[in-house]
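Below is one structure; the comments refer to it alone.
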Amino acid sequence: MMLSSIAMLASEEPNSFWLVSDLNEVIWGTLSFLVVAYFLVKFGKAPTLKFLSGRIAGIKATLDEAEQARIAAETDRDSIKAALADSDTEAAKIIERAHADAEQLGNDTTIRAARDAQGVTERAAADLVSTRQQTESDLAGELSRLSLGAAERVVESSLDEATQQRLIQSYIDQVGSQN
């Protein structure tokens, strides 16, 4: 049923070519449009202008922030370019200081090695003197032991039994009195 009424409305032909069939409808439609347009302008113009001016101010603030950011970025770019130009001279200074430090370290190492070598030489000389004295002392002790042994043999062969017993007894007494 609805479909048939839509088909019927679609099949109606208008009475005129430029205007709808009823002229009253055009007049009242135009008047109602003008009234609605008047109220829209009267009551809607101020909020619309306020919204648009706020939107314009927001866009302008965003553009100003973008401009400030662009200026800051350009300033940073210029300072980085200047720093890069200075970095070459700074790198040359650092390399020069590194060479000087390396040379100083080499000199210090050479001096320290010479001091260490001199210390080793002095300790070796002191050890040599100490070893020589120890060897001489050991040799003197060994010589005196051998001499004593030889003297004992000579004395044993030249002393008779009674003299030998007296010498032994006096030696024992002498050692006993020392303790």
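For reference, each letter of the sequence shown is one residue, going -1 to 177 in the numbering used here.
Glycine included, every Cβ here is placed at the ideal spot set by N, Cα and C.
Values in this document were obtained by computation on a predicted structure and should not be read as measured data.
Where residue i sits in the DSSP three-state scheme
i    : result
D20  : coil
D125 : helix
D76  : helix
D114 : helix
D181 : The question about residue 181 has no answer here: the residues shown for the chain are numbered -1 through 177.
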